[in-house]
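In what follows, a structure is listed as structure tokens, so that the remarks can point back to it.
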Amino acid sequence: MNSEQSIEQSTEQGREQSPKPTKPLTRFITDDDNCWQLSQYQNLGGYDGLKHALTLSHTAVLDEIKASNLRGRGGAGFPTGLKWSFVPQGDDAPRPKYMIVNADEMEPGAFKDRLLLEKTPHQIIEGLLIGGYTLDADIGYIFIRGDYYTAIQHIEIALKECYDNNLLGKDILGSGFNFEIHIHTSAGRYICGEETALINSLEGKRATPRAKPPFPQVAGLWGKPTIVNNVETFCNLPHIINFGADWFKSLGRFKDSGTKIFGVSGRVKNPGLWELPMGTPIGEIIENYAGGMSDGYKLKGYLPGGGSTDFLLEKHFDTPMDYDEIGKQRSRMGTGTIIVLDDKYCPVAMVLNLVKFFAQESCGWCTPCRDGLPWAAVLLEKIEQGKGELTDIEQLEDLCKFAAPGNTFCALAPGAVEPLQSALNYFRDDFEQHIEQKSCPYCAQDHSEAAHD
Amino acid sequence: MTLHNEIPTNQTVELSDVEKAQIDKLLLETPYTSGASIDALKIIQSHRGWVSDTSLLALSLYLNLPLGDLDSVATFYNLIFRQPVGKVVLHPCDGISCDLMGGQKIRLCINKQLKITNGQTTEDNQFTLIPLPCLGACDKAPVMIANQILFELIQEESLPLILNNLTEATSK
Ligand SMILES: Cc1cc2nc3c(=O)[nH]c(=O)nc-3n(C[C@H](O)[C@H](O)[C@H](O)COP(=O)(O)O)c2cc1C
Ligand code: SF4
Ligand code: FES
């Protein structure tokens, strides 16, 4: 089969005929177990975005991405086009330039990238190729969590399919554009997901974040210009190029553009992942898609965007899942994966679990993180075991303040204390009750969660 | 932490030809040798089960990288083992979504059934228990990874069967 030709044809047809999708990110996921493979991806219009991009100038592609208002899906929501515009361009720009897919996904409660990695490896590669073309980059990396075995296998095969079909390597599809992609499987540490720590890890070092400036866009991997974006961010690119920035903006229900993979875990009837418009109200996701609480359980609160976001309550159900709107409620969109806390699980135990995790994963560079988080874990453990004092609550509040943004080199510590500080606010009675009755009020209720070690 | 000091570091072992060939391949893809160090450690571990002091020294000599640099990397990452592990490493998830769904109970059950606590290996050298945080399958909680397989929606009652199957898979 002459693959180049068939791509050409399907592209022409695809651009003419295919109606503009409302769920672009999952449109390649079908019931077929092999839907992740190249032939199926192409049959559904895969690599049309790249084909189109290759006919445009670098600046035209960048302008389209800027116009789409795409914001990074890795947690911080930074505008992707703006981030890219800091990369040096032109003939005297340093080389090679690197473009990296952040597929480390180790945030507690986050499981959206795994779906995209396993089911749509080519969508990620296509996004990475478009990014590489836009910034005139040379080398791409997919930095993937080491225990995502199926995803790693699919990405490896997908890369080979691309090399075999002139979608990677020299003179891609006859366009003169050269690009290669390597895969790096992480040896495991949450901090590897922080973009400058990730770069250190790729250089074979301990994954400690770097002081900024210089920013990676200027001096990143091996001192060269480097862009790091989340898996889901890359997945949006083929569709923006294919169907246009205006279409992308029209997808959102509120201010933010596009769709997002939202998820819910915890004691709900139907935990899972759904691609929904940006701006979908939180309550709709929990009630309609996750089916509401499981029988016998009531909602106590939830972390709207994974384990490093502030708790919100049922009264915030009308808030649209939009970066700024959730910000107004003093929480964050984060990864868009909601963790639901039910009325039978102790909120102190939940925060303890999270703080212990962050304490363990601290890289050890900054004092509020290296020393503050383990101390917060000790205090929480004390309270959970019924040995706490009221002054412990004050100390916990102090530790949260010490770890506030600006006091540390990276966002791990500020994120770590978000569930804690909001739990102290919303569930203060629970903390005080532990201290007053000198035991966990929840342990007696539901013995299945009795032993929080 | 005396386990990995059994053999003094001044005693050398050679990397095998297969290990060397795999590491040489890595070197082609990185502009600086150090870029290969994490993957090289993983290669050694895949052949030897863990990274001993002696294999670390062998790697240091082979790559011409400082031993201290390699050890600082080897001890930083969760999935590089600096102590011997059993035939199967069990990674039950101790992330919050799993715990909300009874993950704690499952881990206690494993402790009881295998008579080991976190970080320990069973006497018959079959299982090592290393819980890991969120394994990215929170909608199927509680979960566990072992032998590169993800076990979802684990119930106490299904644990004996899972452990049995894992034992059988390694005895073949
Ligand atoms: C401790 C920590 C862990 C992170 N983990 C991830 C991760 O696993 N995946 C990810 O995409 N971003 C992660 N981030 C955010 C990255 O630093 C970076 O902002 C992101 O990859 C940028 O991509 P985006 O602009 O497409 O969102 C993490 C940040 C911190 C501070
Ligand atoms: S905040 Fe924590 S993880 Fe981030 S650099 Fe400081 S010590 Fe390291
Ligand atoms: S918390 Fe266990 S898989 Fe996410």
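Note that the protein sequences, when read in sequence, are chains A and B. Per the working numbering: the first sequence = residues 1 to 453. Per the working numbering: the second sequence = residues 454 to 625. Every residue, glycine too, gets a C-beta built ideally from N, C-alpha and C.
So with Cβ pairs under 7 Å, would you call residue i a contact of chain E?
i, result
"Asp-147 (chain A)", "Included in the structure are the protein chains A and B, with no chain E among them."
Using 7 Å as the threshold, is the C-beta distance between residue i and residue j below it?
i, j, result
"Phe-254 (chain A)", "Gly-279 (chain A)", "yes"
"Ala-359 (chain A)", "Leu-373 (chain A)", "yes"
"Leu-303 (chain A)", "Glu-314 (chain A)", "no"
"Gly-292 (chain A)", "Phe-317 (chain A)", "no"
"Val-355 (chain A)", "Ala-376 (chain A)", "yes"
"Glu-194 (chain A)", "Pro-209 (chain A)", "yes"
"Thr-120 (chain A)", "Gly-146 (chain A)", "no"
"Leu-251 (chain A)", "Gly-258 (chain A)", "yes"
"His-239 (chain A)", "Pro-24 (chain A)", "yes"
"Val-61 (chain A)", "Thr-134 (chain A)", "yes"
"Asn-531 (chain B)", "Gly-188 (chain A)", "yes"
"Gly-266 (chain A)", "Ile-326 (chain A)", "no"
"Val-235 (chain A)", "Gly-127 (chain A)", "Sequence inspection shows Cys at residue 235 (chain A); the Val mentioned does not correspond to that position. It is a contact, given that the beta carbons lie within the stated cut-off."
"Ile-241 (chain A)", "Ala-67 (chain A)", "no"
"Gly-109 (chain A)", "Thr-309 (chain A)", "no"
"Ala-511 (chain B)", "Val-466 (chain B)", "yes"
"Glu-403 (chain A)", "Pro-419 (chain A)", "Here the sequence assigns Ala to residue 403 (chain A), which means Glu is not the residue at that position. Their beta carbons are not under 7 Å apart, which means Ala-403 (chain A) does not touch Pro-419 (chain A) by this criterion."
"Gly-301 (chain A)", "Leu-341 (chain A)", "yes"
"Ile-142 (chain A)", "Ile-191 (chain A)", "no"
"Ala-207 (chain A)", "Ala-219 (chain A)", "no"
"Val-471 (chain B)", "Trp-503 (chain B)", "no"
"Cys-400 (chain A)", "Val-417 (chain A)", "yes"
"Glu-107 (chain A)", "Thr-335 (chain A)", "yes"
For ligand 3, is there a heavy atom less than 6 Å away from the beta-carbon of residue i?
i, result
"Leu-454 (chain A)", "The structure shown does not extend to residue 454 (chain A), since chain A is modelled only from 1 through 453, so no value can be given for it."
"Gly-193 (chain A)", "no"
"Ala-590 (chain B)", "yes"
"Gly-548 (chain B)", "yes"
"Cys-587 (chain B)", "yes"
"Ala-594 (chain B)", "yes"
"Cys-551 (chain B)", "yes"
Taking 6 Å as the cut-off, does the CB of residue i come closer than this to any heavy atom belonging to ligand 2?
i, result
"Ser-461 (chain A)", "Chain A is shown only over 1 to 453; residue 461 (chain A) falls outside these bounds and no answer can be derived."
"Trp-365 (chain A)", "yes"
"Ser-362 (chain A)", "yes"
"Cys-410 (chain A)", "yes"
"Arg-535 (chain B)", "no"
"Pro-209 (chain A)", "yes"
"Arg-428 (chain A)", "no"
"Arg-253 (chain A)", "no"
"Ala-413 (chain A)", "yes"
Sorry if obvious, but does the Cβ on residue i come closer than 6 Å to a heavy atom of ligand 1?
i, result
"Gly-336 (chain A)", "no"
"Ile-228 (chain A)", "Residue identity check: residue 228 (chain A) is Val in the sequence provided, not Ile. Yes, since a heavy atom of ligand 1 falls inside the 6 Å radius drawn around the Cβ of Val-228 (chain A)."
"Phe-78 (chain A)", "yes"
"Thr-233 (chain A)", "yes"
"Glu-504 (chain A)", "Because chain A spans 1 through 453 in this model, residue 504 (chain A) falls outside it and cannot be assessed."
"Gly-169 (chain A)", "no"
"Gly-72 (chain A)", "yes"
"Gly-127 (chain A)", "no"
"Gly-75 (chain A)", "yes"
"Thr-600 (chain B)", "Before going on, a small fix: residue 600 (chain B) reads as Asn here, not Thr. Asn-600 (chain B) Cβ: outside cutoff for every heavy atom of ligand 1."
"Asn-102 (chain A)", "yes"
query: If you scan the stretch 239-300 of chain A from start to end, which runs of the alpha helix (DSSP H) of 4 or more residues do you find wholly inside it?
result: 245-251
message: Which complete alpha helix (DSSP H) runs does the stretch 355-412 of chain A hold, if anything under 4 residues is left out?
response: 367-370, 372-384, 390-402
field: Three-pair Cβ contact test at 8 Å for the stretch 81-88 of chain A versus the stretch 153-163 of chain A
entry: no
query: In the stretch 111-166 of chain A, which residue ranges form an unbroken alpha helix (DSSP H) of at least 4 residues, counting only runs that do not cross its ends?
result: 112-119, 121-134, 149-164
- request: Evaluate contact between the stretch 327-336 of chain A and the stretch 362-377 of chain A, counting only Cβ atoms and requiring at least three cross-stretch pairs below 8 Å.
  value: no
- prompt: Which runs of the beta strand (DSSP E) fall wholly inside the stretch 73-109 of chain A and span at least 3 residues, in chain order?
  reply: 98-103
- prompt: If you scan the stretch 532-564 of chain B from start to end, which runs of the alpha helix (DSSP H) of 4 or more residues do you find wholly inside it?
  reply: 549-553
- prompt: So does the stretch 99-117 of chain A actually touch the stretch 223-233 of chain A, counting three or more Cβ pairs closer than 8 Å?
  reply: yes
message: Just to confirm the assignment: which complete alpha helix (DSSP H) runs, minimum length 4, are found wholly within the stretch 314-354 of chain A?
response: 323-328
- prompt: Using 8 Å as the threshold, is the stretch 379-394 of chain A in touch with the stretch 581-588 of chain B, meaning 3 or more CB pairs across them?
  reply: no
query: Of all the alpha helix (DSSP H) runs that stay within the bounds of the stretch 28-59 of chain A, which reach a length of 4 or more residues?
result: 38-43, 48-54
- prompt: Can you find at least 3 beta carbon pairs, one from the stretch 162-181 of chain A and one from the stretch 602-618 of chain B, that sit closer than 8 Å?
  reply: no
query: Does the stretch 558-567 of chain B come close enough to the stretch 518-533 of chain B to have 3 or more Cβ pairs within less than 8 Å?
result: no
query: Per the contact definition of three or more C-beta pairs closer than 8 Å, is the stretch 500-515 of chain B in contact with the stretch 562-576 of chain B?
result: no
query: Touching or not, the stretch 586-605 of chain B and the stretch 536-546 of chain B, by the rule of three or more beta carbon pairs under 8 Å?
result: yes
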